[in-house]
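For reference, the structure discussed in these notes is given below.
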Amino acid sequence: MPREYTPRSRPVSRTPRTGVAPVPEQPPGPDAAPAPAVPPTVTPAAGTLARSAAQAAGRLLTRPPVGLGDVVPAPASVRPQPAADFVLPADAAVRVSADADAREVAGHLAELLRPATGYPLPVADLPPAPGPLQLTLSAAAPRGPAATVSGDAEGYRLDVDPDAVRITAGTATGLFHGVQTLRQLLPVAVESRTPVAQRWVVPGGTIVDRPRFPYRGAMLDVARHFFGVEDVCRVIDHLARYKLNHLHLHLTDDQGWRIAVDSWPRLATVGGRTAVGGGPGGWYTAADYRRIVAYAARRHVTVVPEVDLPGHTNAALVAYPELAPGRVAPPPYTGTEVGFSYVDPTDERTYDFVADVLGEVAALTPGPWLHIGGDEAYKVKGAAYTGFVERTQRIVAGLGRTVVGWHQIAPAGQVDGRVLQWWGTDGDDPTVAEAVRRGARVILSPGNHAYLDMKYAPDTPIGHDWAGLIDVHRAYHWDPATHLTGVPAEAVLGVEAPLWTESVTSLAEIEFLFFPRLPALAEVAWSAPSTRSWTGFRERLAGHGPRWRTAGIAFHPSPEIPWPTAPAGPHLPDAAGTHRNPAPDQPAPGRDTTTPATR
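End of the sequence shown sits at 997 in the working numbering; the numbers just go up one at a time, nothing left out.
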């Protein structure tokens, strides 16, 4: 088996302490956009050579290396036609319905395929002539197995025959999900950023697919350790690859405040200077944050911003002591304990602060959600706590947004559409069940199944274990519809996989904890129970290891998965941003990863 990834002892970051260095409009990564006709890394001569080599390879290969059912998450319906394989020709074009959003998806498909194939792959409207790659927006969602109503908006149909690949959907989002499926059906070499001599075969047949739950997401904690725009965009690429449609950004905590607020400028310039362990801080300017939101939108991912209140606020209190009880500035905090800080719920200035901050964040975020945190405010008790939450909920509602909060806000009064994010471990929470009976909905993030900062095994070099060890099987083996006692399936909005970063300091470490558990949780959220099995999943997932390696994605080579090869280890980014392969006998440097008391 491949060796485990050993994280470095110090953060690898090119982000300055104050703000984020400018990045290109399309950050580098597995989905970075090359030029319209020929990618920057492919000269015309190289593209011609790749096409010639692929044609020669086509005379030697007769079967596709991927099966129609080898898709993660598992599709709703798969009907293979072994005699109907499609081979992408060098002169292929992507034909698309005359719709701006659909055309953007077509451009995304072309951008995915150009680097490895070396083909120009122009994008053109469907009429007057059909093409070998066709994306069509239909008046209604494709017919297939029953699913949630919102699943219709994200469903798609993919038909493959010797003449063409056709993706049909009722929305551009459905088309985009179909493109991600097509990506997985192409050979592993499609993940290469340079031309590859390859016969580009897609297995024949039909897939009809749609999600089980409308909310499928992951959370990245950028407060304990800060991650720049490029890293966040790479995370968005990973979510989109597996049809996850929400990125929850934990923007504020005791250790750092990560978003600029014009009306309270010291939140960023003072509160943003610190991080766990005394490392460099950083924050997003409004332009940085807009870039993240726009990048996510092009990949049909909605950003969910979290401003954690009334606790987890030490960084804010360092910047503005007048918000603290007693109006005394606390010292900056770079440890990992929780529950000690809070804004004063009895002071009217606190609510001016809350309204200003949430108003500015809402103005930067086009999505429907505002996450107000609400967890581990141990020093704000009883009526003081519920009163603060209820007033904050009204502020959010006044901004035209839907309240999301950690499940500790459940005792507060209900507002329309309120969503509780449950991170418990025992599956029984009467307070949450009662809030659901009053109209709340639930996002499930069970700490012992979905928390990606938990270790895989006792010897995993980073992460925590307060919720137990989470191997791939444990991440996969649960059902959101029946997991929480007293919460019916219709109240479950979806699933989110949080990654807290007390012990995580680099993109490679994020990826190591994401993969292979993120695809497991994506299948939990997307696929119907009838299509899911651990045996089938581990076999399908095994083929993704070579894809991650080709794409330069770090991952944990779990012994639970029958990987097809056993090289020295996953490719890991070095300090210069390039990729390397660790030597088979490379020692494992140690690093103290203090575990927080709870979350």
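Ideal Cβ placement from N, Cα and C applies to all residues, glycine included.
Computed from a prediction, not measured in an experiment: that's the story for all the values here.
Query                                                                                                                                                              : Result
For Gly757, which residues in the same chain have their Cβ closer than 7 Å to its Cβ, ignoring the five residues on either side in sequence?                       : Leu797
So if DSSP puts Ser475 in a beta bridge, which residue, or which two residues, is it bridged to?                                                                   : Val606
Just checking, does the region 662-671 make contact with the region 926-940 on the three C-beta pairs under 8 Å criterion?                                         : no
Assuming Tyr849 and Pro896 make a contact with CB atoms under 8 Å, what is their CB distance in whole Å?                                                           : 6 Å
Under 7 Å between the Cβ atoms of Ala391 and Leu556?                                                                                                               : Shown here, the chain extends from 399 to 997; a query on residue 391 therefore has no answer.
Do the CB positions of Tyr693 and Ile657 come within less than 7 Å of each other?                                                                                  : no
For the pair the region 806-815 and the region 910-920, tell me if three or more CB-CB distances fall below 8 Å.                                                   : no
If you drop the 5 nearest sequence neighbours on each side, which residues of the same chain put their C-beta closer than 6 Å to that of Thr800?                   : Pro766, Trp767 and Gly815
Please report the straight-line C-alpha distance between Val705 and Gly529, rounded to a whole angstrom.                                                           : 48 Å
Can you tell me the Cα-Cα spacing of Thr732 and Met852, whole angstroms?                                                                                           : 21 Å
Within 10 angstroms of the Cβ of Ser904, are there 16 or more other Cβ atoms? Answer buried if so, exposed if not.                                                 : buried
Would you call Glu921 buried or exposed, if buried means 16 or more other Cβ atoms sit within 10 Å of its Cβ?                                                      : buried
What number of angstroms, rounded off, separates the C-alpha of Leu382 from the C-alpha of Val699?                                                                 : Any question about residue 382 goes unanswered here, given that the chain covers just 399 to 997.
Is it buried or exposed, Glu907, if we count other Cβ atoms within 10 angstroms and call 16 or more buried?                                                        : buried
Hey, is the region 615-625 in contact with the region 579-590, meaning 3+ C-beta pairs nearer than 8 Å?                                                            : no
Can you tell me the Cβ-Cβ gap for Ile951 and Glu909, rounded? I've got them flagged as a contact below 8 Å.                                                        : 5 Å
Find the nearest neighbour of Ala638 within the set Gln582, Asp745, Gly861 and Gly602, judged by alpha-carbon distance.                                            : Gln582
Just to confirm, is the Cβ distance from Leu867 to Tyr613 under 7 Å?                                                                                               : no
Give me the residue from Gln596, Trp946, Trp924 and Asp869 with the minimum Cα distance to Asp635.                                                                 : Trp946
Under the DSSP definition of a beta bridge, which residues are partnered with Ile841?                                                                              : Gln819 and Gly892
For Leu533, which beta-bridge partners are listed by DSSP?                                                                                                         : Val494 and Ile565
Could you have a look at Gly516 and say whether DSSP puts it in helix, strand or coil?                                                                             : coil
DSSP state of Glu958, grouped into three classes?                                                                                                                  : coil
Using C-beta distances below 8 Å, list every residue in its chain close to Asp754, excluding the 5 sequence neighbours before and after it, in chain order.        : Val659, Ser661 and Trp662
So, for Arg688: in the same chain, excluding its five sequence neighbours on each side, which residues have a beta-carbon less than 8 Å away from its beta-carbon? : Leu762
Tell me which residue opens and which closes the alpha helix (DSSP H) that Gly757 is part of.                                                                      : Glu746 to Leu762
Let me know the secondary structure DSSP gives Thr784 once reduced to three states.                                                                                : helix
Can you name the residues that DSSP bridges to Tyr682?                                                                                                             : Ile657
Going by the beta-carbon positions, is the gap between Ala865 and Thr823 smaller than 7 Å?                                                                         : yes
Have a look at Pro859 and Pro525 and give me their C-alpha separation to the nearest angstrom.                                                                     : 56 Å
Figure out for me which residue from Ile565, Trp821, His871 and His769 has the closest Cα to the Cα of His881.                                                     : Trp821
Is it the case that the Cβ atoms of Ile605 and Pro473 are separated by a distance below 7 Å?                                                                       : yes
Compare the Cα-Cα distances from Gly603 to each of Ala727, Pro957, Thr929 and Gly465 and report the closest residue.                                               : Gly465
Going by the CB atoms, is the gap between Leu533 and Val494 shorter than 7 Å?                                                                                      : yes
Determine the direct distance from the alpha carbon of Asp561 to that of Ala491, and round the result to whole angstroms.                                          : 13 Å
Using DSSP's beta-bridge definition, name the partner residues of Leu649.                                                                                          : BP columns for Leu649 are empty, so no partner.
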